[in-house]
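Colleague:
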Amino acid sequence: MKRFFSLFLVLFPLVASAQISNVPQDYFKDPLDIPLILSGTFGELRSNHFHAGLDIKTQGRQGLEVKASAKGFISRIKIQHYGYGKALYVQHPNGYTTVYGHLKKLAPKIEEYLKERQYNKESYEIELFPGATELQVEQGEVIAYSGNTGGSGGPHLHFEIRDGSQRPMNPEMFGIDIQDTRDPIVDGLFAYPIGEGAHVNNSANRQKLRLIPQNDGSYTTNALEACGEIGFGISTVDQKSLAPNKNGVYKIEASLNGSPVMNLDFQRFSFAESRYLNFLIDYEYYSNHRKRVQKLFKESNNPLSIYNGVVNEGKLDIEDGLDYNYVVEVTDFKGNSKTIRIPIKGNFSGEITPKDEIKTDYFTNYNETFSIEENGIDIYIPKNALYYDTFLDIEFMGDTVKVHHDDVALHKNITIGFDVSDIPAEEKEKMFIAQISKYGRPSYSTTYKKPTRFTTGTRSFGEYTLVSDVNPPSVRPVNFYDGQWISGNSDLKVKISDDLSGIQSFRATVNGKWILMEYEYKNNTLTHDFSDGVVTETENDFKLIVTDNVGNTNTYEAKFFRKN
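Counting along the sequence shown from 1, when you hit position 90 you're at 90 in our numbering, and nothing is skipped either side.
Below you can see the structure in the form of structure tokens.
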């Protein structure tokens, strides 16, 4: 029975993977009428998450027609300052959903639907869920225009295909064709002693291995001397044929002496597991070297679904006196691949350089809570906020606390609290909890205030303290001034900024009537489009109130004239 169960565990992921590949090939069409060149691939490793779609270049321009990839209806409209910016979701009859992000503007009928509800709510940020009969679209119908809104680093279209459970899937699996004849790039290979007493080349620490190019395009390494339980990690990217961008790869497979031990592929994942990317990568190495090394072994509490055919969690048990051949193959979606061969000699060593580990007075298990209080500052780390059991470096320094190091990832928010009972009420009003950067710059951490205690929830270790902000935000008109005729303007632009706690809210009116202003945080600009049709008078009184995160406000008023 035990043998059958083990065989089932090995075979079931392979069956599941085959099922994932059973997707329609001719149902979805390209969302843009230009050659599809990518700046980002599906599953690409990003900060704390896997990339959920394809980032399609728009030739450095905004305003390209974005077309419905298949027939369906607009099931969701989400407008936000960050993230996907302006985004549309189309529900299709076959159960899949397509997503279109970073849009500049929506098609007229959808834009009209959106604007009516933004004005009713008096809010730029909004999330809507139209019914199945409200905004129906046909395949190839223009539904929006490409842009650069939200967390976009440049003009492009973010495009996703999600299954019936709203799990993003690789659009290339559906026949979305991307030209690619280039092999993946391997730019780093590492060996990890894992078990007690294990070593690689007489060290218990991570070892970077030298990649030796071979005539056939593959790599090998010098023979390792190792013993005990070890694993490997690889830094690898893919480049498509028509772009220099370093993208994510599609599949990584590892074998030992010809038998598979690990296979991970980027076909589908759920958003609930995306932050567990920090289990996949060597986060400490990434934090210090800005290079993501994907571990080819997994911890028992790693829930990621991208693994298939894992044997012994991908870890190798190297015995003294035996020789091994470990092979890693990296493949992109078009089948271009790169192979690395690592010879291993089992060799017990009595003289091992011990693991670099700093032990402190504060140790916590990842699956237990941890709390501490000193000098009126308290720290609470919930169960499973950490990925691993950790010695914590905590230092209380007056009204400041250092909570470990930012090269250790957090999966959940921890809470840091400050006793403010002795601070006068008028001072507390302008105070907030700030994280201090390595350059000494404070940044606002969302602060929850009670009369005697301030708290913040954060998923970043680092240094925290109380900071006071007494200065209001700044407001500067861009394309008009007080008393000006602006009949030739198609919009009204204002720059807003705050140098410490950051912008919390803004409200603009013309002649006492609320107007929609779109906020582009990347250049600190508010824009009102006169085509909204709410500014109809010749003489107009404009008023803008901007508030920062501690309540400082700046009110800007101006008169402008405009013929309609």
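Every residue, glycine too, gets a C-beta built ideally from N, C-alpha and C.
Out of curiosity, what's the CA-to-CA distance linking Glu-429 and Asn-471?
Modeller: If I take the Cα positions, the gap works out to 13 Å.
Colleague: Report yes if the C-beta distance between Thr-527 and Met-517 is below 8 Å; otherwise report no.
Modeller: Their beta carbons are under 8 Å apart, which means Thr-527 touches Met-517 by this criterion.
Colleague: Measure how close the beta-carbons of Tyr-565 and Gly-231 come, nearest whole angstrom, since I'm counting them as under 8 Å.
Modeller: Since the first and last residues shown for the chain are 1 and 564, residue 565 lies out of range.
Colleague: One question on the structure: do Val-550 and Ser-501 come within less than 8 Å of each other, judged by their Cβ atoms?
Modeller: Yes, the pair counts as a contact, with Cβ atoms nearer than the cut-off.
Colleague: Quick one: Cα of Pro-244 to Cα of Pro-171, how far?
Modeller: The alpha-carbon atoms of Pro-244 and Pro-171 are separated by roughly 21 Å.
Colleague: Spatial neighbours of Leu-11 within its chain, please: CB distance less than 6 Å, with the 5 preceding and 5 following residues excluded, ordered by chain position.
Modeller: At Leu-11, the pLDDT of 37 sits below 50, so the modelled position is not reliable and the matter cannot be decided from this model.
Colleague: Tell me Gln-325's beta-bridge partners as DSSP assigns them.
Modeller: Residue 325 is actually Asn in this sequence, not Gln. The partner list for Asn-325 (beta bridge, DSSP) reads Pro-343.
Colleague: Given Pro-477, which residues of its chain have a CB within under 7 Å of its CB, disregarding the five upstream and five downstream residues?
Modeller: So the qualifying residues of the chain are Val-494 and Ala-558.
Colleague: Hey, quick one: how far does the beta strand (DSSP E) through Pro-477 stretch, first residue to last?
Modeller: First-last of the beta strand (DSSP E) with Pro-477: 474-477.
Colleague: With a threshold of 7 Å, establish whether the CB of Lys-495 neighbours any heavy atom of the ligand FAD.
Modeller: Inclusion of the ligand FAD in the displayed structure is not the case, the ligand content being empty and no account of it being possible.
Colleague: Report, in whole angstroms, the separation of the C-beta atoms of Ser-349 and His-199, which I expect to be a contact under 8 Å.
Modeller: Between His-199 and Ser-349 the Cβ distance is about 6 Å, and since that is below 8 Å, they are a contact.
Colleague: Go through its chain and collect everything with a Cβ distance to Lys-86's Cβ below 6 Å, but skip five positions before and after it.
Modeller: Around Lys-86: Ile-79, Leu-103 and Thr-149.
Colleague: Report the option in Glu-116, Ser-497 and Phe-418 whose CA atom is closest to the CA atom of Val-467.
Modeller: Nearest C-alpha to Val-467: Phe-418.
Colleague: Roughly how many angstroms lie between the CA atoms of Asp-180 and Tyr-113, to the nearest whole one?
Modeller: Taking the straight line from one Cα to the other gives about 40 Å.
Colleague: Per the DSSP calculation, Ala-226 is bridged to which residue(s)?
Modeller: Paired residue(s): Val-200 and Gly-346.
Colleague: Between which two residues does the beta strand (DSSP E) containing Ala-558 stretch?
Modeller: 553-561 is the span of the beta strand (DSSP E), which, as asked, contains Ala-558.
Colleague: How would you call His-289, buried or exposed, if buried means at least 16 neighbouring beta carbons within 10 angstroms?
Modeller: Classification for His-289: exposed.
Colleague: Using C-beta distances below 6 Å, list every residue in its chain close to Lys-57, excluding the 5 sequence neighbours before and after it, in chain order.
Modeller: Around Lys-57: Ile-37, Ser-39 and His-156.
Colleague: Within 10 angstroms of its Cβ, does Glu-426 collect 16 or more other Cβ (buried), or is it exposed?
Modeller: So Glu-426 counts as exposed.
Colleague: If Arg-167 sits next to Phe-269, beta carbons under 8 Å apart, how far is it from one beta carbon to the other, in whole angstroms?
Modeller: Indeed they touch by this definition, with Cβ atoms about 7 Å apart.
Colleague: Using the Cα positions of Ser-487 and Asn-540, report the straight-line distance between them to the nearest angstrom.
Modeller: Roughly 12 Å separates the two Cα atoms.
Colleague: Does DSSP put Tyr-96 in a helix, a strand or coil?
Modeller: Tyr-96 falls in the coil class under three-state DSSP.
Colleague: What residues in its chain sit with their C-beta under 6 Å from that of Ala-70, if we drop five residues either side in the sequence?
Modeller: Contacts found: Tyr-27, Phe-28, His-92 and Gln-139.
Colleague: What number of angstroms, rounded off, separates the C-alpha of Thr-553 from the C-alpha of Asp-499?
Modeller: Distance between the alpha carbons of Thr-553 and Asp-499: 13 Å.
Colleague: Can you tell me whether Thr-353 is buried or exposed? The criterion is at least 16 other CB atoms within 10 Å of its CB, across all chains shown.
Modeller: Exposed, by the Cβ-count rule.
Colleague: Report the rounded CA-to-CA distance for Pro-108 versus Gly-83, giving the unit in angstroms.
Modeller: Spanning the two alpha carbons is a distance of roughly 23 Å.
Colleague: Quick check: what's the CA-CA separation for Tyr-439 versus Asn-215?
Modeller: About 47 Å.
Colleague: Which residue marks the beginning of the beta strand (DSSP E) containing Phe-370, and which one marks its end?
Modeller: Where Phe-370 is concerned, the enclosing beta strand (DSSP E) stretches over 370-374.
Colleague: Would you call the CB atoms of Arg-622 and Thr-221 closer than 8 Å?
Modeller: The structure shown does not extend to residue 622, since the chain spans only 1 to 564, so no value can be given for it.
Colleague: Could you pull out every residue in the same chain whose Cβ sits closer than 8 Å to the Cβ of Ser-505, ignoring the five residues on either side in sequence?
Modeller: So the list reads Val-546 and Thr-547, once near-sequence residues are dropped.
Colleague: Candidates Gln-484, Pro-473 and Gly-533: which alpha carbon is nearest Thr-555's?
Modeller: Closest by alpha carbon: Pro-473.
Colleague: Are the Cβ atoms of Asp-332 and Tyr-250 separated by less than 8 Å?
Modeller: Yes; because the gap between Cβ atoms is below 8 Å, this pair is in contact.
Colleague: May I ask you to list the residues that DSSP assigns as paired with Gln-136?
Modeller: BP columns for Gln-136 point to Phe-73.
Colleague: What did DSSP end up calling Ala-191 once you bin it into helix, strand or coil?
Modeller: Here Ala-191 sits in strand by DSSP.
Colleague: For Glu-373, tell me which candidate among Arg-459, Asn-367 and Ile-381 has the shortest Cα-Cα distance.
Modeller: Ranking the options by Cα distance to Glu-373, first place goes to Ile-381.
Colleague: Whose C-beta lies closer than 7 Å to the C-beta of Glu-537 among residues of the same chain, with five residues either side of it excluded?
Modeller: Closer than 7 Å at Cβ, skipping near neighbours: Asn-511.
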